[in-house]
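**Student:** Below are the structure tokens for one structure; questions will follow.
Protein chains in written order, with the numbering used here: chain A, 11 to 191; chain B, 11 to 191.
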């Protein structure tokens with residue numbers, strides 16, 4: 011069965027600082043037309059910084075769309091679509107936590123909401139950390155906290171952490187390290 | 011440290027069929043003002059339908075923003091913000107796969123991209139399935155496939171499944187059932 015939807019035309023809705031919203035007219039597999047409205051995003055990276063004692067450097071940050079503080083792994087937007095994800099990950103980790111990893115393991119991509127958003131977040135496990143200064147964006151307010159990976163795993167399994175990238179990072183690293191042993 | 015951002019005013023950008031985009035002016039913790047552009051979404055549900063032989067009913071569906079076919083667990087939007095998530099899950103599972111579960115386990119919420127989108131997806135493990143007719147939306151094209159949970163777990167760990175809700179569902183159910191034994 012052919013599932014492809016073909017581009018016919020585009021209506022530009024909004025080209026903002028972060029979001030670029032468009033409404034495309036597409037040709038469906040049955041030959042009918044339909045509208046597809048979605049957000050384009052530059053792409054992002056997220057990092058699980060693991061300390062030798064099994065603790066993870068976590069962030070608490072206010073997420074305005076949800077109106078509450080989230081517990082998340084460090085993450086950030088790429089500077090542009092073409093930016094190398096690993097470079098972005100090293101920059102964002104340094105800026106937000108001061109950490110520079112000696113060992114980085116790529117753990118795959120995360121498509122956050124593929125029906126309405128083209129955002130892709132690349133996920134890295136960062137180990138063998140050394141520390142320097144942080145350098146936050148001017149309108150970025152966050153606090154850092156060290157939490158054992160085992161505790162984070164339990165929180166994710168109990169549904170106490172809702173952020174998608176953080177759930178995936180914690181579960182993947184937990185399983186990845188369990189399988190390594 | 012206070013992290014809260016306070017609403018000051020709203021600019022309506024776009025109120026579409028699926029996306030509602032706004033740009034708010036907010037008061038930051040340091041007293042300065044900033045803009046927050048984000049999408050509002052009605053909310054969604056996703057279901058991991060597990061067969062007695064350990065296989066999962068999966069869907070292949072074209073995700074236009076990414077321009078390719080995705081392998082995903084069944085999922086769907088709520089009819090409205092107030093709709094009960096469990097009712098929506100049972101409706102969407104029936105419509106897309108024909109399955110009616112005898113046992114449903116809630117496995118938590120997924121906030122897909124909390125900085126730019128208020129979407130929350132509630133996740134359910136669905137077991138003891140019986141089958142009736144499907145009833146798809148008119149512009150919804152998808153194929154169904156049964157894949158062993160073990161194989162899906164390996165695919166997620168290898169980075170072969172990018173969809174956030176599917177990664178979380180597979181990893182959570184895998185760990186949940188492993189801990190039960």
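Just so it is clear, CB atoms sit at the ideal spot from N, CA and C, and this is done for glycine as well.
Residue 59 of chain B CB to nearest chain A CB: under 8 Å?
**Tutor:** Locating residue 59 of chain B in the second chain gives position 49, counting from the first residue. Chain A has no Cβ within less than 8 Å of the Cβ of residue 59 of chain B.
**Student:** Out of B:174, B:177, B:167, state which residue places its alpha-carbon closest to the alpha-carbon of residue 185 of chain A.
**Tutor:** Your numbering for residue 185 of chain A matches position 175 in the first chain. Closest by alpha carbon: B:167.
**Student:** Leaving out five residues on either side along the sequence, give the residues of the same chain with a beta carbon under 8 Å from the beta carbon of residue 18 of chain A.
**Tutor:** Working through the first chain from its first residue, we reach residue 18 of chain A at position 8. Hits under 8 Å: 34, 35, 36, 37, 43.
**Student:** Give me the DSSP bridge partner(s) of residue 50 of chain B.
**Tutor:** Here residue 50 of chain B is taken as the residue at index 40 of the second chain, counted from 1. Bridge partners of residue 50 of chain B: B:30.
**Student:** Count the other CB atoms, across all protein chains shown, that sit within 10 Å of the CB of residue 16 of chain A; report buried if there are 16 or more and exposed otherwise.
**Tutor:** Residue numbering aside, residue 16 of chain A sits at position 6 when the first chain is read from its first letter. By the 10 Å Cβ count, residue 16 of chain A comes out exposed.
**Student:** Once DSSP output is grouped into helix, strand and coil, what is the label at residue 38 of chain B?
**Tutor:** As a first step, residue 38 of chain B is located in the second chain; it is residue number 28 there, counting from the start. Coil, per DSSP.
**Student:** Going by C-alpha distance, which of B:46, B:107, B:90 is nearest residue 67 of chain B?
**Tutor:** If you number the second chain from 1, residue 67 of chain B lands on position 57. Selected option, being the one with the closest Cα: B:107.
**Student:** Against chain A, with Cβ distances strictly below 8 Å, would residue 122 of chain B count as a contact?
**Tutor:** What you label residue 122 of chain B is simply residue 112 of the second chain in a count that begins at 1. It does: the Cβ of residue 122 of chain B has a partner Cβ on chain A nearer than 8 Å.
**Student:** Please classify residue 68 of chain B: does DSSP put it in a helix, a strand, or coil?
**Tutor:** For the purposes of this step, residue 68 of chain B is identified with residue 58 of the second chain, where counting begins at 1. Strand at residue 68 of chain B.
**Student:** Is DSSP giving residue 57 of chain A helix, strand or coil here?
**Tutor:** Here the question's residue 57 of chain A lines up with position 47 in the first chain. The answer is strand: DSSP assigns residue 57 of chain A an E or B state.
**Student:** Answer with yes or no whether the minimum CB distance from residue 141 of chain B to chain A is below 8 Å.
**Tutor:** Numbered from its first residue, the second chain carries residue 141 of chain B at position 131. Taking CB atoms only, residue 141 of chain B has no neighbour in chain A less than 8 Å away.
**Student:** Pick helix, strand or coil for residue 62 of chain B, following the three-state DSSP scheme.
**Tutor:** Within the second chain, numbered from 1, the residue matching residue 62 of chain B stands at position 52. Residue 62 of chain B: coil per DSSP, three-state reduction.
**Student:** Could you list which residues in chain B have their beta carbon closer than 9 Å to that of residue 31 of chain A, in chain order?
**Tutor:** Position 21 of the first chain, counted from the first residue, corresponds to residue 31 of chain A. Within 9 Å Cβ-Cβ: 23, 24, 26, 29, 31, 49.
**Student:** Going by DSSP, which residues form a beta bridge with residue 113 of chain B?
**Tutor:** What you label residue 113 of chain B is simply residue 103 of the second chain in a count that begins at 1. According to DSSP, which records beta bridges pairwise, residue 113 of chain B is partnered with B:137.
**Student:** Distance cutoff 8 Å, beta carbons only. Does residue 14 of chain A sit that close to anything in chain B?
**Tutor:** In the first chain, residue 14 of chain A corresponds to position 4, counting from 1. Yes, its Cβ sits closer than 8 Å to a Cβ of chain B.
**Student:** Between which two residues does the beta strand (DSSP E) carrying residue 153 of chain A extend?
**Tutor:** In the first chain, counting from the first residue as 1, residue 153 of chain A sits at position 143. Element bounds for residue 153 of chain A: 152 to 158.
**Student:** Measure the C-alpha to C-alpha separation of residue 141 of chain A and residue 49 of chain B and round it to an integer number of angstroms.
**Tutor:** Sequence index remark: in the first chain, residue 141 of chain A carries index 131 (1-based). Sequence index remark: in the second chain, residue 49 of chain B carries index 39 (1-based). Their backbone Cα atoms lie some 36 Å apart in a straight line.
**Student:** Counting along the chain, where does the beta strand (DSSP E) carrying residue 23 of chain A start and finish?
**Tutor:** As a first step, residue 23 of chain A is located in the first chain; it is residue number 13 there, counting from the start. Per DSSP, residue 23 of chain A belongs to the beta strand (DSSP E) from 16 to 25.
**Student:** Please tell me whether residue 178 of chain A and residue 178 of chain B are closer than 8 Å, where the distance is taken between their beta carbons.
**Tutor:** Against the first chain, residue 178 of chain A aligns to sequence position 168. Against the second chain, residue 178 of chain B aligns to sequence position 168. Cβ distance < 8 Å, so residue 178 of chain A and residue 178 of chain B count as in contact.
**Student:** Would you say residue 75 of chain A lies against chain B (beta-carbon separation less than 8 Å)?
**Tutor:** Here the question's residue 75 of chain A lines up with position 65 in the first chain. Residue 75 of chain A counts as touching chain B.
**Student:** Taking the alpha-carbon positions, what's the residue 157 of chain B to residue 111 of chain B distance?
**Tutor:** On the second chain, residue 157 of chain B is found 147 positions in, with the first residue counted as 1. On the second chain, residue 111 of chain B is found 101 positions in, with the first residue counted as 1. Rounded to the nearest angstrom, the two C-alpha atoms are 18 Å apart.
**Student:** Hey, out of B:53, B:164, B:13, whose CA is closest to residue 90 of chain B's CA?
**Tutor:** If you number the second chain from 1, residue 90 of chain B lands on position 80. Of the candidates B:53, B:164, B:13, B:53 places its Cα closest to the Cα of residue 90 of chain B.
**Student:** Taking the alpha-carbon positions, what's the residue 57 of chain A to residue 143 of chain B distance?
**Tutor:** If you number the first chain from 1, residue 57 of chain A lands on position 47. If you number the second chain from 1, residue 143 of chain B lands on position 133. Between residue 57 of chain A and residue 143 of chain B, the C-alpha separation is close to 44 Å.
**Student:** What is the C-beta distance between residue 29 of chain A and residue 47 of chain B, in whole angstroms, given that I count them as a contact (C-beta under 8 Å)?
**Tutor:** For this step, residue 29 of chain A is matched to residue 19 along the first chain. For this step, residue 47 of chain B is matched to residue 37 along the second chain. About 5 Å separates the two Cβ atoms, so the contact holds.
**Student:** In whole angstroms, give me the CA-to-CA distance for residue 72 of chain B and residue 64 of chain B.
**Tutor:** As a working note, residue 72 of chain B is residue 62 in the second chain. As a working note, residue 64 of chain B is residue 54 in the second chain. Each residue's alpha carbon lies about 26 Å from the other.
**Student:** Which residues in the same chain have their Cβ closer than 6 Å to the Cβ of residue 31 of chain B, if we skip the five residues on either side of it in sequence?
**Tutor:** To locate residue 31 of chain B, count along the second chain from 1; it is residue 21. Excluding residues within five positions, the ones whose Cβ falls inside 6 Å are 23, 24, 49.
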